[in-house]
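Each remark here refers to the structure printed beneath this line.
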Amino acid sequence: LTRPSRWGTPDAETDSKSAFDLCRFITAAETIMLPASVALCALAILLLPAGAASHRAASPSALGELSVVSHRPAASTWRRTQCGSPSGDADIPTRWASEVSADTTPLPAYPRPQMVRGRGGDRDKGDPSLWSNLNGLWEWEPAADAAPPFGRPLNGSILVPFPVESCLSGVAPASSATLVAQMWYRLVFDAAVADGAKTLLHFGAVDWQATVYLNGLLLRHDGRLGNHTGGYDGFGFDVTDRLKHAGNELLVHVLDPSDAGAQPNGKQRVSAVDRPGGDTYTPSSGIWQTVWMEAVPPSYISTLKIDQASTTNVKVTAFVEGGGATTPVRFEVVDRDGTTVAEAAGAAGSEVSIFVAPATAGAP
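Under the numbering used here, the first residue of the sequence shown carries the number 299, and numbering increases by one thereafter.
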C-alpha cells in the first residue's frame with residue numbers, strides 16, 4: 299500500500315495509515331466518484347489487519363444446515379493411469395496433476411461462485427454448513443446394460459470429477475478398443491439436514507447421458523424421470539423426500555458413445571486414444587465436473603439472470619422455487635464492507651432495475 303509515483307515519492311508510512319486516511323487518499327486521487335469510491339475504500343480496508351471490516355451474515359439456521367459423510371473405496375484402490383497413446387509417448391503430467399491424490403478432495407472450491415447462499419459467504423469456499431462436496435473416490439465399473447446394480451459394491455473405483463479417459467481418473471483406457479461407452483458410478487453416504495430444509499443434489503456436468511438413482515428410486519429432473527442428456531450443462535434434483543440419515547446409495551448410469559453416436563461431440567474421437575494429436579482429442583466420458591449437495595429453505599432462489607449492459611443500472615431477475623409467482627424479493631447492492639449502496643424490490647420472475655451511481659474511470 300505505497301503511494302504510486304504518479305502522486306509523488308512512494309511513502310512507506312502509507313502502510314500504517316488508518317482506514318479513514320486510506321479512503322481519503324484513494325478518493326483524493328479522483329479516480330472514481332462516490333458511492334463507487336466506498337467500495338474501493340472497502341477493498342483497501344480488507345488489506346488492513348483482521349477486524350477492520352466485517353460482513354453482515356444471515357443465520358445458517360435460517361437457511362438450513364447440511365452435514366454429509368461419504369463412505370468411499372480405500373485410497374489405495376486408485377492410482378494415476380498412463381495416457382497419451384498405448385506407449386505413453388504423449389503422456390505429459392503437469393505439476394498440478396502430480397499434486398492430485400485420492401486422500402484429498404479434488405476441486406474443493408465452491409462450484410457456484412456467482413450465487414453463494416448466505417450473506418458473507420466466501421465465493422471460493424461458500425458456507426461449509428450449507429453445502430457438501432461429493433468429489434473424491436467413487437465406486438465404478440463398466441456397464442453391460444442399464445439394469446441398476448442396487449445394493450452391491452462395484453468392481454472398481456474412479457476419482458470424481460475426472461472423466462474416464464483422464465489419467466487422473468484411475469481408469470483411463472489403454473487403447474481405443476478398450477474405451478468404455480456405458481458405466482456405473484456408486485457412492486454411499488450419510489446425511490443430516492436441519493428440520494424444514496430442502497436438500498438439492500447437483501451435477502456440474504456429465505458426458506453424455508446420465509440416469510440417476512437414489513436409494514433405489516429414479517430421480518426426477520425438470521419433470522423428466524432421472525435422465526439428463528447433454529455433456530456440457532449442469533443439472534440437479536430435489537432429494538429431500540428420498541434422503542435417509544444413513545446408508546444413502548447414489549447410483550449414476552452414464553452412456554457416452556462419443557463419435558460412434560449421433561449426438562454432437564465436437565472433435566472427440568475414440569481413435570484419438572490410440573493416436574493422439576492433430577485436431578482431434580480423446581473423449582471426456584462420465585462425470586467431469588463437481589458433484590455436490592446443498593441445503594436450502596423451503597422457498598429459495600434457484601437461478602439469477604443479471605443484465606449488466608448499463609453503466610448505471612443493473613437489471614436482475616430472481617427465479618424462486620417453493621414460492622408463488624408473486625413471491626416478494628428484495629435486492630441490495632453492497633460494497634466490500636457490507637454497506638448497502640443501492641437497493642430495490644420486486645416479485646420473483648420479474649426483472650427489477652437497480653440504479654447504481656456510475657464510476658468515473660481514472661487515468662492509468
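Cβ atoms here follow ideal geometry from the backbone N, Cα and C, with glycine treated the same way. All figures in this text were calculated on a predicted structure; none of them were measured in a lab.
Label residue i either buried or exposed according to how many other C-beta atoms from any shown protein chain fall within 10 Å of its C-beta, with 16 as the threshold for buried.
i      : result
Val367 : exposed
Ala355 : Confidence at Ala355 is low in this model, with a pLDDT of 34, below 50, so the placement of that residue is unreliable and no value is reported for it.
His543 : exposed
Ile456 : buried
Arg484 : buried
Ser374 : exposed
Asn453 : exposed
Ala549 : In the sequence on display, residue 549 carries Leu and not Ala. So Leu549 ends up on the buried side.
Phe487 : buried
Gln412 : exposed
Lys565 : exposed
Asp425 : buried
Phe653 : exposed
Phe448 : exposed
Phe460 : buried
Pro626 : exposed
Arg415 : buried
Gln587 : buried
Arg369 : As written in the sequence, residue 369 is His, which differs from the Arg given in the question. His369 should be labelled exposed.
Gly494 : exposed
Gly534 : buried
Lys496 : buried
Arg273 : With the chain covering only 299 through 662, there is no way to say anything about residue 273.
Gly529 : buried
Ala400 : buried
Arg377 : exposed
Glu649 : exposed
With residue i and residue j assumed to form a contact (beta carbons below 8 Å), what rounded beta-carbon distance in angstroms separates them?
i      : j      : result
Val614 : Ile599 : Val614 to Ile599, Cβ: 11 Å. No contact.
Ser474 : Val571 : 4 Å
Gly589 : His500 : A small fix is needed here, since residue 589 is Val in this sequence, not Gly. Right, their Cβ atoms sit about 7 Å apart.
Glu592 : Leu364 : 7 Å
Gly584 : Val504 : 7 Å
Arg628 : Ser383 : Wrong, their Cβ atoms sit about 57 Å apart, outside the cutoff.
Val568 : Leu466 : Incorrect: roughly 20 Å between the Cβ atoms, too far for contact.
Val469 : Val458 : That belief does not hold up - the Cβ atoms of Val469 and Val458 are roughly 11 Å apart, past 8 Å.
Ala616 : Ala646 : 6 Å
Trp506 : Leu553 : 7 Å
Ala444 : His551 : 6 Å
Arg540 : Leu516 : Actually they are not in contact, since the Cβ atoms of Arg540 and Leu516 sit about 10 Å apart, beyond 8 Å.
Identify the residues that DSSP records as bridge partners of residue i: which are they?
i      : result
Tyr579 : Gln566
Val504 : Ile585
Ala640 : Val631
Trp590 : Asn431 and His500
Leu516 : Tyr511
Pro440 : Met481
Leu549 : Arg484 and Tyr511
Gly424 : Asp420
Asp605 : Lys613
Ser365 : Ala490
Pro626 : Ala645
Thr527 : Gln507
Can you tell me which of the three DSSP states residue i falls into?
i      : result
Trp482 : strand
Val537 : coil
Thr402 : coil
Ala351 : Bear in mind that a pLDDT of 30 at Ala351, under 50, signals an unreliable position, so the model cannot answer this.
Leu457 : strand
Leu466 : helix
Ala475 : helix
Ser600 : strand
Ser385 : coil
Phe617 : strand
Val654 : coil
Phe318 : With a pLDDT of only 27 at Phe318, under 50, the local geometry of the prediction cannot be trusted, and the value read off the model is given with reservation. Three-state result, Phe318: helix.
Ala489 : strand
Ser374 : helix
Ala544 : coil
Asp557 : helix
Ala395 : helix
Val571 : helix
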